[in-house]
Structures are given as C-alpha cells and as structure tokens.
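The structure appears below as structure tokens.
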Amino acid sequence: MEKNILQEITKKPVSSQQITKDIFLVQFPLVNAILVGDPQAESGEWALIGAGMAHTAKAIIKEAESYFGKGSQPTAIILTHGHFDHVGAIIELTNQWNSPIYAHQLELPYLKGERDYPPADPNVSEGLIAQISPTFPNQSIDLGDRVQALPADGGIPGMFGWRWVHTPGHTPGHVSLFRDEDRILIAGDAITTLKQDSAEAVLNKEKELNGPPAYFTTDWDSAKNSVKTIKDLNPEMLISSHGLPIKGKKLREQLENLVVNFDEIAVPQEGVYV
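Just so we're aligned, residue 1 is where the sequence shown starts under the UniProt record's numbering, counting upward by one.
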C-alpha cells in the first residue's frame, strides 16, 4: 500500500495556480516552487523562490514562460535553504538563465561544496516519507560564484517591497520572505501546511499548519523560535514550500495553536536530533 501511495505521489503532474496578481505557485508532488512578479509590470522583473527537485527545470521554465512570456528570465533566484528538494534543478536553471542566486550567509557553505547537511532521520515518524528519507541526498552542491549572500539590510534582489527574515532550525541559514504591504509570508520549510512526513498528507494536500519537515530538522529550539518569529509578523497569508497557502482567520488560529503546542505538534517523540 505504501509503495502504491509513493508511486501515486511521484506520478502526479506539475500544476500551477495564481495566488495573487504577482504570486504564482508551481506545485510538484513533494515541493513547491514560487514565482513572484507582476506579468503586467513594465520592469519585467520577477524572482524564483526555490529550484525544485532534479529534472524539474523544464517544467519550471515552462510555467514561468506561461506567466512572464517566452524567453523571460528571473532577476534573481532566492533559496530559502539548500536541501535537495529546493536546489535539484538549480544548475540546469542557471545554465539556461544565468540568473544570480541568493541565500543567507550561513547557508552558503552548503551551497559552495564546503559542508554537507546532516543525514535525514527516519526515526522521527512512521510515515512513508520519513521512512524513505535516508535515501534523500544530503550532500552539498557547489554553485561557486553563482550564489551570494542576501543583502545584510534585509532587502531581496528582484523582489521590491519584500524582506528576508532569518528563520533557522530546519537549517542554520533558513530564511522566510515577508511583504509588509499585504503581510504575505513565504515560509519556505520553517512552517509547512501539511504533515510532510506522511505520504497520505502529501498526496491529499491536507491544509494544516505544521512545523518543518522533521526528518531533516536538526535544531528544534531554533525551529520553535522561528515559528514565534513568524507569528509576530502577523501574516495574513502563509505560503509554504510544502502544501497549499493558508490565510485569514484560519491561519491566525492555526499559527497560535502551533506556537502554543509546538512540542506536541512538530517535535518528534524520538529521533537523532531531538
């Protein structure tokens, strides 16, 4: 049964949806990529957040061109962090686009081939995704000079009006992105809107706030503090790299619950990093 569920997940085709006039969600079976930019803007600027898993470059380019036009290229590629499901297509994409890549200073060693991530821990859950997580790559990639640190002032190249917020825990240099004007937050993996450890939840896209994917999270105290940081921003909409957006009253209620009950909801009862 679990094998059938996993096969069904991986066979699901890519889809996309417009979230706001300038935010587009590209949904792959296990992760989202996000396009930010107004297709009607004279500047033609837009940014890509997250580079998906391996072999997704063509799909990302196709979806981007459907919104921004044939041959369009992002002003910047922003990485919330460098796990395999967020950088899988980054080399192919930058070979096609030659766009600059930005990440937090603390994440650069994992993106310049200097340091590997700790291996995934299958002991965090009996869910299928958690159980197969030791097969997920944890090796760093080497982007060399193509990747650079996000500006220290909090600004984000190619994303006017947005700022990055350091939300460590899942990784040391994890960032979330926030726009004060409409209080939209791109959480990356700091908060997910489904139980990423569970294949059933991933397949059904169950909309419920959860902590970061447990099998790759190594610092739970920081992860908990990052959820508090996000709550203090009082977001009106939260877009995660895993799951569908949640907004309004439902978001506020679930975010409050996640902060108050983080240990019960998000932290595994056992595991290497607990």
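Idealized CB from N, CA, C, for every residue including glycine.
Query                                                                                                                  : Result
Under 7 Å between C-beta atoms of residue 170 and residue 217                                                          : yes
Backbone secondary structure at residue 166 - three-state DSSP                                                         : strand
Simplified DSSP assignment, three categories, for residue 70                                                           : coil
Spatial neighbours of residue 119 in its chain, beta-carbon cut-off 8 Å, leaving aside the 5 residues before and after : 134 and 138
Alpha helix (DSSP H) segment containing residue 132, residue limits                                                    : 128-132
Whole-number beta carbon distance between residue 26 and residue 78, since they are thought to touch under 8 Å         : No, residue 78 and residue 26 are not in contact; Cβ-Cβ is about 14 Å, not under 8 Å.
Status (buried if at least 16 other CB within 10 Å, exposed otherwise) for residue 253                                 : exposed
Residue 121 to residue 219 span [Cα, whole Å]                                                                          : 13 Å
Closest by C-alpha distance to residue 14, when choosing among 62, 228, 70 and 98                                      : 62
With 16 other Cβ atoms within 10 Å as the buried cut-off, status of residue 161                                        : exposed
Alpha carbon of residue 132 to alpha carbon of residue 40, nearest angstrom                                            : 43 Å
Distance CB(residue 140)-CB(residue 173) smaller than 7 Å                                                              : no
Three-state class that DSSP yields for residue 90 in the structure shown                                               : helix
Nearest candidate by alpha-carbon position, reference residue 149, set 180, 74, 100 and 248                            : 100
Coil, strand or helix - residue 112 by DSSP                                                                            : strand
Backbone secondary structure at residue 196 - three-state DSSP                                                         : coil
Close-in-space but distant-in-sequence residues of the same chain around residue 37 (CB under 7 Å, 5 per side omitted) : 22, 45, 46, 47 and 68
CA nearest to the CA of residue 246, picked from 261, 24, 207 and 271                                                  : 207
Closest by C-alpha distance to residue 124, when choosing among 56, 106, 212 and 177                                   : 212
Inter-residue Cα distance where the pair is residue 231 and residue 109                                                : 29 Å
Contact check, residue 183 vs residue 107, beta carbons under 7 Å                                                      : no
DSSP-derived helix/strand/coil call for residue 15                                                                     : strand
Host beta strand (DSSP E) of residue 187 (start-end)                                                                   : 184-188
Bridge partner(s) assigned by DSSP for residue 240                                                                     : 188
Opening and closing residue of the beta strand (DSSP E) in which residue 36 lies                                       : 32-36
Residue range of the unbroken beta strand (DSSP E) whose run includes residue 265                                      : Here residue 265 belongs to no beta strand (DSSP E); instead the alpha helix (DSSP H) covers 262-265.
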